[in-house]
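If you count the sequence shown from 1, you need to add 227 to reach the working numbering.
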Amino acid sequence: MNHRCSLVLTLTFTFFLVNTAFSQQGRNSNEDLALLHAREIYAASLADQAAIYSGVDYIGYPHPIKKGQQFFISGDVRRGEIRYDGMVYRNVPMWFDIAKQEVVVQYIDNYSRISLHPEKISDFTIEGHHFIRIAGESARQYDLGEGFYDQIYKGKSEILVKRAKDFLISTDTDGVWISFSGDKSDIYVRTGDKFHPVSSQKSVLDVLGKYQKEVLAHLKQNKIKFRKEREKAIVMMLAYFDQLNSER
């Protein structure tokens, strides 16, 4: 039985027991009717929340981890927001496994972890980063691979970052181990109808086309070094580019 069915059955059975006990006391007063209504609303809200647990068990990795970890930013559970199967769920205990590209939520037992079905996720936010799912026609239109992208800027232009990690399985005298690499980030910039991969300052300027001198001057004025703060620099470049376009 999957987690969602188990939760719904538990809620249904609990609500049945409560209502049975309540019916034995009678429903003659306004207080009793108000209490019943409150219980009905509470049970309905819990049943709605059960939909976020419609996934598969998160199995992790087959060997102990020797170096690094698989999750975005931190291996500690974080509270986030997920748009899942058309519903928005807030304050969800979650992780984003960027090695497997799986969005993982903590079950109500505070122990089990569930990997959500990616095709049901429209977008999610964790640690202040807003990830959107690109798939199907959008992936073909923008010439991007399917998956989750960190939307670090959205104006008239847009910047997406593909977050990922590699891992290596190794063997020594103590056994078999998994080691994770540092985060990898592929950056894509859109100024029209297509995203372009960028990595250097020159590649960003080539995408912008016009206002290159103004954008470079803006970076220097704000003392932003591209090599040291690449994502921050690209966001500043695109935001200023959009500002110049709107003013002229």
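The beta carbon of each residue, even a glycine, is placed where N, CA and C say it ideally should be.
Original post:
Under the rule that 16 or more other beta-carbon atoms within 10 Å means buried, what is Ala-271, buried or exposed?
Top reply: Any reading at Ala-271 must be qualified, since the residue scores a pLDDT of 49, below 50, and its modelled position is unreliable; the value itself is stated next. Note on Ala-271: under 16 other CB atoms within 10 angstroms of its CB, so exposed under the neighbour-count rule.
**OP:** Would you mind sorting Ile-396 into buried or exposed? The rule is 16 or more other CB atoms within 10 Å of its CB.
**Re:** With fewer than 16 Cβ atoms within 10 Å of its Cβ, Ile-396 is classed as exposed.
**OP:** Could you pull out every unbroken beta strand (DSSP E) segment of at least 3 residues lying fully inside the segment 348 to 420, listed in chain order?
**Re:** List check, beta strand (DSSP E) in window: 348 to 353, 356 to 361, 374 to 381, 385 to 391, 394 to 399, 402 to 407 and 411 to 417.
**OP:** Grab the span of the beta strand (DSSP E) containing Asn-472 for me, first residue to last.
**Re:** Element bounds for Asn-472: not the beta strand (DSSP E) but the alpha helix (DSSP H), 457 to 474.
Original post:
By DSSP, does Ser-430 sit in helix, in strand, or in coil?
Top reply: Here Ser-430 carries a helix assignment [DSSP, helix/strand/coil].
Original post:
In whole angstroms, what is the alpha-carbon distance linking Ile-341 and Ala-278?
Top reply: Between Ile-341 and Ala-278, the C-alpha separation is close to 12 Å.
Subject >> CA nearest to the CA of Val-416, picked from Lys-347, Ser-430, Ser-408 and Ile-405 >> reply: Comparing Cα-Cα distances from Val-416 to each of Lys-347, Ser-430, Ser-408 and Ile-405, the minimum goes to Ser-430.
Original post:
What residue does the beta strand (DSSP E) around Gln-227 start on, and which one ends it?
Top reply: Here the chain has residues from 228 to 475 only, and residue 227 is not among them.
Subject >> CA nearest to the CA of Ser-444, picked from Val-434, Gln-428, Lys-455 and Glu-458 >> reply: This sequence places Ala at residue 444; Ser is not what is there. Ranking the options by Cα distance to Ala-444, first place goes to Gln-428.
Original post:
Taking C-alpha atoms, which residue in Asp-469, Ser-412 and Phe-407 lies nearest to Val-434?
Top reply: Looking at the Cα atoms, Asp-469 is the closest of the given residues.
**OP:** Output the residue ranges of the alpha helix (DSSP H) runs that lie fully inside the segment 289 to 348 and measure 4 residues or longer, sorted by chain position.
**Re:** Segments of the alpha helix (DSSP H) lying fully in the segment 289 to 348: there are none.
Original post:
Using 8 Å as the threshold, is the segment 337 to 355 in touch with the segment 299 to 306, meaning 3 or more CB pairs across them?
Top reply: Contact between the segment 337 to 355 and the segment 299 to 306 is established, with three or more Cβ pairs separated by less than 8 Å.
Subject >> Close Cβ partners of Ile-348 (< 8 Å) along its chain, the five nearest in sequence each way excluded >> reply: Closer than 8 Å at Cβ, skipping near neighbours: Ile-309, Arg-310, Tyr-311, Val-330, Arg-360 and Phe-375.
Original post:
Terminal residues of the continuous beta strand (DSSP E) containing Phe-453?
Top reply: Boundaries for Phe-453: no beta strand (DSSP E) harbours it, and the DSSP string shows neither H nor E there.
Subject >> Identified DSSP bridge partners for Val-425 >> reply: Among the bridge pairs identified by DSSP, Val-425 is matched with Ile-414.
Subject >> Top-ranked residue by Cα proximity to Leu-371, from Lys-389, Lys-383 and Phe-358 >> reply: When only C-alpha atoms are compared, the closest one is Lys-389.
Original post:
Pick from Glu-474, Phe-453 and Lys-327: whose alpha carbon is nearest that of Pro-345?
Top reply: Comparing Cα-Cα distances from Pro-345 to each of Glu-474, Phe-453 and Lys-327, the minimum goes to Lys-327.
Subject >> Same chain, Cβ closer than 6 Å to Thr-247, five either side skipped, listed in chain order >> reply: Because the pLDDT at Thr-247 is just 49, under 50, the model does not fix this residue reliably, and the value given afterwards should be weighed accordingly. Non-local beta-carbon contacts of Thr-247 in its own chain, meaning distances under 6 Å to residues more than five positions away in sequence, are absent.
**OP:** To the nearest angstrom, report how far apart Lys-440 and Gly-419 are at their CA atoms.
**Re:** Approximately 20 Å between the Cα atoms of the pair.
Original post:
Looking at C-alpha atoms only, which residue of Gly-402, Asp-399, Ser-384 and Arg-454 is the closest neighbour of His-423?
Top reply: Checking every option, the nearest Cα to that of His-423 belongs to Ser-384.
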